[in-house]
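Student: In my numbering, the protein residues as written are 535 to 1122.
The beta carbon of each residue, even a glycine, is placed where N, CA and C say it ideally should be.
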RNA sequence: GCGGGUGUAACUCAGUUGGUAGAGUGCCACCUUGCCAAGGUGGUUGUCGAGGGUUCGAGUCCCUUCGCCCGCUCCA
């Protein structure tokens, strides 16, 4: 009867993370709090290295992306405009029988779409439903289709009493009565099994707070559920001050908050988490056509290494997928562990033209690290509508290009765009207004959004790095060596410095001197206690790629030994040579 | 939110029919040590997840609650 709990595949890693100081449970001394995690001494270095690498790759080493650091709490209207206030706060119901959770406002629609609903419609359509037919169905097919419907569970008892009230009932009332155990109060039926649904409960996935000391509903604000909206809200300010114009991007890292229904899988789905997001603003394809004559699409098999003026949104989107994959590889996730997933058209949000998830093969399943969405001009348009402020850019080259068109070419272009838009289900008036602006050099930029999770990346790196290996010593004794094989680029500690023996003052002093030098460049760790082998193994568990040991030969010729974490081999080299070597490796 | 499992030292775990908590590892100090969890000596650690109840007495039995893990919903 007592089935043993299946062990989590993450358990050994969770244990190591606590033991070595990577990750602790938040508020542990008070019993913890669900969905929140703290990063200890090694964990915060790891996270910091991830973020630094991202920032360097995305912002510092590019001329077309600039940074932003916006607040976590913003004007609540932002979340109205973005759609979060509506989509993040659906009332939900749970079926008391089959335990499924669903949006309360969709239960009737779901019912209408399935076999259960069809059967109900048929029975109800008889006008004044005949008890006999209803009873027959409940005793027959109903058992398979809606096993938890009250009338199916107790057809004779319930239906006998209920006959009168069923006559003349509306469809919903009819079904609701059949779902009712007490025969009187209609209950919401579960579209999956006919069971009774709970009262709709508000499910707000956004954290609410109050701005100012007065606890008044008028002062309600939200902790941001994503960092990206601030980028849109500050779009015009950045545009005006950064001397950038599309194509260009705005990058931001920071905390976000979601009241997740089920925080699970260690830090993977946390309620407070950190994101690294880019909004890369591009010209609409119609503008590219005016500027370059035609739009480059994936069908042209473009070279994706260097951005080109004639790229359309599709090429930009794929470019960013490639760029992001390259970054994951560069910080140590093997290409084979990364699984890009192209969302099917039916899965896309209504505003998205394409979305690729970059997934990692976690021990608990293949899960998303980053989503790269082509969001068209949806977000900026929303903010323009809600704020009343223009989100357009003025594009001088575009205006000049448009001015060169003669009357026939101009008309042809307009008609082509209108035809294209109406074919995609948009209004002709809307299309004409867009073209008119475009010919004047004005448009709302489209956007490609690579949005990555810092904590998820940290977890992926930990999972990827974790290894237990069997090592056999000189005496033939075999034991397990636990090692975190981080790329040196993200390793919390880059190099540890040991005096071979601590009770020889000259040796000790020399080691301290070298440690002092190295510390100015990299995250270093000093360890003088215990045998040398033990110190090496301690650093293996911390994922430190190099250990430097100062011995008696150091005093003679200035060389030290450098021990490699992965091969456990040593090489002897001078301190300047070592600095050069590490610089080469750690510059990335 | 629902169901199942689980919670004892920093980590891994033992703890009998209820009788007042232990092992290994780690960690710290000293000695020893010329390079892979070496040896010796000494030391350190617990609201037994929390709260309540039953009892003369609860880590152990009952109730409540919280966290974690495993399954249903979410997508950074």
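Assign residue 600 to one of three DSSP states: helix, strand, or coil.
Tutor: Counted from its first residue, the first chain places residue 600 at position 66. Three-state result, residue 600: strand.
Student: Helix, strand or coil for residue 564 per DSSP?
Tutor: Translated into the one-based positions of the first chain, residue 564 becomes position 30. Correct three-state label for residue 564: helix.
Student: By a C-beta neighbour count over all protein chains shown, 10 Å radius and 16 as the cutoff for buried, is residue 816 buried or exposed?
Tutor: For the purposes of this step, residue 816 is taken as residue 282 along the first chain, with counting starting at 1. So residue 816 counts as buried.
Student: For residue 892, is the classification buried or exposed, using 16 other Cβ atoms within 10 angstroms of its Cβ as the cut-off for buried?
Tutor: Counted from its first residue, the first chain places residue 892 at position 358. Answer is buried; the Cβ neighbour count reaches 16.
Student: Using only the alpha-carbon positions, how far apart do residue 790 and residue 996 sit?
Tutor: The residue you call residue 790 lines up with position 256 of the first chain. The residue you call residue 996 lines up with position 462 of the first chain. The straight-line gap from Cα to Cα measures roughly 22 Å.
Student: Give, in chain order, every unbroken run of the alpha helix (DSSP H) that is at least 4 residues long and sits entirely within the region 788-842.
Tutor: DSSP runs (the alpha helix (DSSP H)) wholly in the region 788-842: 819-826.
Student: Of the residues 1083, 655, 1055, which one's Cα is nearest the Cα of residue 1113?
Tutor: In the first chain, the residue the question calls residue 1113 occupies position 579. Taking only the C-alpha atoms, the option nearest residue 1113 is 1055.
Student: Taking all protein chains shown into account, do 16 or more other C-beta atoms lie within 10 angstroms of the C-beta of residue 536, making it buried, or fewer, making it exposed?
Tutor: Start at 1 with the first residue of the first chain, and residue 536 comes out as number 2. In this prediction, residue 536 scores a pLDDT of 32, lower than 50, which makes its location untrustworthy; the coordinate-derived value is nonetheless stated afterwards. Exposed, since its Cβ has fewer than 16 Cβ neighbours within 10 Å.
Student: Going by DSSP, what residue range makes up the beta strand (DSSP E) through residue 589?
Tutor: Counting from one through the first chain, the residue named residue 589 turns up at place 55. No beta strand (DSSP E) holds residue 589; the alpha helix (DSSP H) holding it covers 575-589.
Student: For residue 1058, report the span of its beta strand (DSSP E) as first-last.
Tutor: Your numbering for residue 1058 matches position 524 in the first chain. Residue 1058 -> beta strand (DSSP E) spans 1058-1060.
Student: By the 10 Å Cβ neighbour count, where 16 or more other Cβ atoms means buried, how is residue 823 classified, buried or exposed?
Tutor: Walking along the first chain from the start, residue 823 turns up at place 289. Counting Cβ neighbours within 10 Å, residue 823 comes out buried, since at least 16 surround it.
Student: Give every residue of the same chain whose Cβ lies closer than 7 Å to the Cβ of residue 677, excluding the five residues on either side of it in the sequence, and list them in chain order.
Tutor: Along the first chain, read from residue 1 onward, the residue named residue 677 stands at position 143. The answer, listed in chain order, is 686.
Student: Mind reading off the beta-carbon distance from residue 1045 to residue 1084? Whole number of angstroms is fine, and I expect it under 8 Å.
Tutor: As a working note, residue 1045 is residue 511 in the first chain. As a working note, residue 1084 is residue 550 in the first chain. The Cβ separation is near 4 Å, so the contact holds.
Student: CB residue 615 to CB residue 917, shorter than 7 Å?
Tutor: For the purposes of this step, residue 615 is identified with residue 81 of the first chain, where counting begins at 1. For the purposes of this step, residue 917 is identified with residue 383 of the first chain, where counting begins at 1. Cβ distance < 7 Å, so residue 615 and residue 917 count as in contact.
Student: Are the CB atoms of residue 1029 and residue 850 nearer to each other than 7 Å?
Tutor: Start at 1 with the first residue of the first chain, and residue 1029 comes out as number 495. Start at 1 with the first residue of the first chain, and residue 850 comes out as number 316. No; because the gap between Cβ atoms is not below 7 Å, this pair is not in contact.
Student: Could you tell me which of 598, 871, 682, 589 sits nearest to residue 724, measuring between CA atoms?
Tutor: Here the question's residue 724 lines up with position 190 in the first chain. The shortest C-alpha separation from residue 724 is found at 682.
Student: When you compare each of 549, 840, 574, 665 to residue 561 by their alpha carbons, which one comes out closest?
Tutor: What you label residue 561 is simply residue 27 of the first chain in a count that begins at 1. Ranking 549, 840, 574, 665 by Cα distance to residue 561 puts 574 first.
Student: Within 10 Å of its beta-carbon, does residue 679 have 16 or more other beta-carbons around it, so buried, or fewer, so exposed?
Tutor: Here residue 679 refers to the residue found at position 145 of the first chain. By the neighbour-count rule (16 or more Cβ atoms within 10 Å), residue 679 is buried.
Student: In this structure, how does DSSP classify residue 742 when only helix, strand and coil are distinguished?
Tutor: Stepping through the first chain from its first residue, residue 742 is reached at position 208. The answer is strand: DSSP assigns residue 742 an E or B state.
Student: Taking the beta carbon of residue 744 as the centre, do at least 16 other beta carbons fall within 10 Å, making it buried, or is it exposed?
Tutor: Your numbering for residue 744 matches position 210 in the first chain. Per the 10 Å Cβ criterion, exposed.
Student: Under 8 Å: do the region 954-961 and the region 861-879 share three or more Cβ pairs, one atom per stretch?
Tutor: Short answer: they don't touch.
Student: Using the Cβ count rule (16 or more neighbours within 10 Å means buried), how would you classify residue 1128?
Tutor: The chain is shown from 535 up to 1122; residue 1128 falls before or after that span and cannot be answered.
Student: Going by C-alpha to C-alpha distance, which of 989, 730, 1071 sits closest to residue 904?
Tutor: What you label residue 904 is simply residue 370 of the first chain in a count that begins at 1. For the residues 989, 730, 1071, the minimum Cα distance to residue 904 belongs to 989.
Student: Measuring alpha carbon to alpha carbon, tell me which residue in 865, 1027, 674, 781 is nearest residue 998.
Tutor: Translated into positions along the first chain, residue 998 becomes position 464. Per the Cα distances, 865.
Student: Reducing DSSP to helix, strand and coil, say where residue 903 ends up.
Tutor: In the first chain, the residue the question calls residue 903 occupies position 369. DSSP places residue 903 in strand when its eight states are reduced to three.
Student: Could you give the residue range of the alpha helix (DSSP H) that holds residue 984?
Tutor: Position 450 of the first chain, counted from the start, is the residue given in the question as residue 984. Note, residue 984: premise wrong, no alpha helix (DSSP H); beta strand (DSSP E) at 980-987.
Student: Our contact map puts residue 766 next to residue 813 with C-beta atoms below 8 Å; I'd like the distance itself, whole angstroms only.
Tutor: The sequence position of residue 766 within the first chain is 232, counting from 1. The sequence position of residue 813 within the first chain is 279, counting from 1. About 7 Å separates the two Cβ atoms, so the contact holds.
Student: By a C-beta neighbour count over all protein chains shown, 10 Å radius and 16 as the cutoff for buried, is residue 564 buried or exposed?
Tutor: As a first step, residue 564 is located in the first chain; it is residue number 30 there, counting from the start. Residue 564 is exposed by the Cβ-count criterion.
Student: Starting from residue 770, trace the alpha helix (DSSP H) in both directions and tell me its first and last residue.
Tutor: Taking the first chain and counting its residues from 1, one reaches residue 770 at position 236. It spans 769-776 - the alpha helix (DSSP H) in which residue 770 sits, taken as one unbroken run.
Student: Identify whether residue 1042 lies in helix, strand or coil by the three-state DSSP scheme.
Tutor: Numbered from its first residue, the first chain carries residue 1042 at position 508. Three-state DSSP puts residue 1042 in a helix.
Student: Would you mind sorting residue 630 into buried or exposed? The rule is 16 or more other CB atoms within 10 Å of its CB.
Tutor: Here residue 630 is taken as the residue at index 96 of the first chain, counted from 1. By the neighbour-count rule (16 or more Cβ atoms within 10 Å), residue 630 is not buried but exposed.
Student: Residue 936 and residue 951 look like a contact to me (Cβ under 8 Å); what is the Cβ gap, rounded to whole Å?
Tutor: One-based indexing of the first chain puts residue 936 at position 402. One-based indexing of the first chain puts residue 951 at position 417. Going by Cβ atoms, the distance from residue 936 to residue 951 rounds to 12 Å, so no, they are not a contact pair.
Student: May I ask you to list the residues that DSSP assigns as paired with residue 783?
Tutor: On the first chain, position 249 is the one that residue 783 refers to. DSSP lists 599, 814 as partners of residue 783.
Student: Measure the beta-carbon distance from residue 837 to residue 825 and round it to whole angstroms, keeping in mind my assumption that it falls under 8 Å.
Tutor: Here residue 837 corresponds to residue number 303 of the first chain, with the count starting at 1. Here residue 825 corresponds to residue number 291 of the first chain, with the count starting at 1. Contact flag wrong, Cβ pair sits at about 19 Å.
Student: With distances taken from CA atoms, which of 781, 895, 805, 787 is nearest residue 840?
Tutor: Taking the first residue of the first chain as 1, we reach residue 840 at position 306. Comparing Cα positions, the closest option is 781.
Student: Using the Cα positions of residue 612 and residue 640, report the straight-line distance between them to the nearest angstrom.
Tutor: Here residue 612 refers to the residue found at position 78 when the first chain is read from its first residue. Here residue 640 refers to the residue found at position 106 when the first chain is read from its first residue. If I take the Cα positions, the gap works out to 26 Å.
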